Structures are given as C-alpha cells and as structure tokens.
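Visitor: Got a structure for you, questions after.
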Amino acid sequence: MTTRNGQIKNFTSNSGPQHPAAHGVSRSVLEMNGEVVERAEPHIGSLQGTEKLTEYKTYLQALPYFDHPIYVSTMAQEHAHSSAVERLLNCEVPLRAQYIRVLFCEITRISNHSLASTTHAMDVGASTPFLWAFEEREKLLEFYERVPGARMHASFIRPGGVAQDLPLGLCRDIDSSTQQFASRIDELEEMSTGNRIWKQRLVDIGTVTAQQAKD
27 MTTRNGQIKN
37 FTSNSGPQHP
47 AAHGVSRSVL
57 EMNGEVVERA
67 EPHIGSLQGT
77 EKLTEYKTYL
87 QALPYFDHPI
97 YVSTMAQEHA
107 HSSAVERLLN
117 CEVPLRAQYI
127 RVLFCEITRI
137 SNHSLASTTH
147 AMDVGASTPF
157 LWAFEEREKL
167 LEFYERVPGA
177 RMHASFIRPG
187 GVAQDLPLGL
197 CRDIDSSTQQ
207 FASRIDELEE
217 MSTGNRIWKQ
227 RLVDIGTVTA
237 QQAKD
C-alpha cells in the first residue's frame, strides 16, 4: 500500500471465512506486502458450537455433530470421533467393521478430493471440470444413501463398529463404479491441466523450490 508521502507499507486483510454458509469457520488475518503474505494470524473459530454441545451428550449422541464441520467428509469425521472413543475405552472393533469403515472413508476421500480440486478450477474461471465432477460425486453419494439412508449426514461409523452391515449387492456396484470412475478421472485431469484458463491463472504462480519446501 502506498501512503500519501510515497512510502510503501504493508496492509492487513482478512482471508476467510472460506464459505459464507459455514459460520464460525477458520479465518486468517494477513499482513500483505503486495501479493506476498508477510505474517498470518489464524483464528480457528468454533464451528456451530460443536465443542460445547457435545459436552452434554453421550459418545453416541454426539456422533451426528461430527457430520457438520466438514460436510464433504462426513464419514471421515465420524471415523475420527469413533476412533478416539475406542482408544479411550480400549475397545476392539470387529475386522469386518474395520473393512467397511476403510471402504467408506475411501469413497469419502475420492468424493472430497474431486470436489475440492474442481471447485478450485471453477474459482479461477474453469467451470466445466466442476460440473463433470459433481455428476460423479452424486454416484458416490448414492452408495452413502444405500447404507444409512442419508446422502451426506450419515451417522454410520459409530464407536465400536458401524451402524449396520452392507446391503446385498452394494460391494458389486461399488466395484463396477470404480472401473468406470478411473476413465472419468483421466477426463477430469485433461479438462483441468489442459484447460487454457486454468493454466493462464496458475502456471508459475506461487512456485516453491525443493529447498524452500525443506526449509
């Protein structure tokens, strides 16, 4: 920022909250020198009062609250909560339940990452990858829906295991979907890294050398 007497000074700006509908999420107060961040003061927030609400609940009653802080990774949040409870109680989870947990955490991860990468492309002006990824994400959410009955807020992974066993035919359908999804990943990658708008706004922006990363 240039003052009236010609001096160049840093300016302070807020970054976030990152989503206008998610009240209380993380934000950072940034000290900027042009486009270079000189200093950052993070404020982690208290999303929806979850910490206080769960003080008055049992471990099982508190579970649905963990679907909300990161609504694109609901089962991963449930897994984290349930794993913490199981460690506190020294509880052993049945092997089949462990496999089911990993299966749905991986579905969650694929859904989350595909949405995150393509919304980033949309933010810089390339909207097509997002629309394609959203179509694939809907197919993954159908697997969510077939297990607990909810598309997003599942409350499926619970302390001690999972809410119920998998319905007949679900594993076969998931396997079939993964075969198709592999080709869609290639298409999304081509639409992103080959997109002229995406490249013009990101190539050589914010580059970090190997030495800088190590330091």
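Following my numbering, the numbering of the sequence shown begins with 27 at its first residue and continues without gaps.
Here a beta-carbon is modelled for each residue, glycine too, at the ideal position from N, C-alpha and C.
The structure presented is a predicted model; accordingly, all values stated were derived computationally and were not measured.
Which two residues bound the contiguous beta strand (DSSP E) that contains THR38?
Guide: For the purposes of this step, residue 38 is identified with residue 12 of the sequence shown, where counting begins at 1. Per DSSP, THR38 belongs to the beta strand (DSSP E) from 37-41.
Visitor: Below 8 Å, how does it come out for the stretch 152-170 and the stretch 114-126: are there three or more Cβ pairs, yes or no?
Guide: Contact fails: fewer than three Cβ-Cβ distances are below 8 Å.
Visitor: Rounding to the nearest angstrom, what Cα-Cα distance links TYR82 and ILE183 in this structure?
Guide: Walking along the sequence shown from the start, residue 82 turns up at place 56. Walking along the sequence shown from the start, residue 183 turns up at place 157. C-alpha separation (whole angstroms): 21 Å.
Visitor: Any idea if HIS139 is buried or exposed, counting beta-carbon neighbours within 10 angstroms, 16 or more meaning buried?
Guide: To locate residue 139, count along the sequence shown from 1; it is residue 113. Flag for HIS139 reads exposed.
Visitor: Output the distance between the C-alpha atoms of PRO185 and PHE207, rounded to the nearest integer angstrom.
Guide: For this step, residue 185 is matched to residue 159 along the sequence shown. For this step, residue 207 is matched to residue 181 along the sequence shown. Each residue's Cα considered, the two are about 31 Å apart.
Visitor: Got a sec, what are the start and stop residues for the beta strand (DSSP E) SER99 sits in?
Guide: Against the sequence shown, residue 99 aligns to sequence position 73. Careful: SER99 lies outside any beta strand (DSSP E) and carries neither H nor E.
Visitor: Starting from the C-beta of SER137, find all residues in its chain whose C-beta is less than 6 Å away, skip the five residues before and the five after it, and write them out in chain order.
Guide: Position 111 of the sequence shown, counted from the first residue, corresponds to residue 137. Within the same chain, SER137 has close Cβ partners ARG163, LEU166.
Visitor: Please classify ALA142: does DSSP put it in a helix, a strand, or coil?
Guide: The residue given as residue 142 occupies position 116 in the sequence shown. In this structure, DSSP gives ALA142 a helical state, which the three-state scheme calls helix.
Visitor: Does DSSP put VAL188 in a helix, in a strand, or in coil?
Guide: For the purposes of this step, residue 188 is taken as the residue at position 162 of the sequence shown. Correct three-state label for VAL188: strand.
Visitor: Flag this pair as yes or no: are the beta carbons of LEU141 and ALA123 separated by less than 8 Å?
Guide: Residue numbering aside, residue 141 sits at position 115 when the sequence shown is read from its first letter. Residue numbering aside, residue 123 sits at position 97 when the sequence shown is read from its first letter. No; because the gap between Cβ atoms is not below 8 Å, this pair is not in contact.
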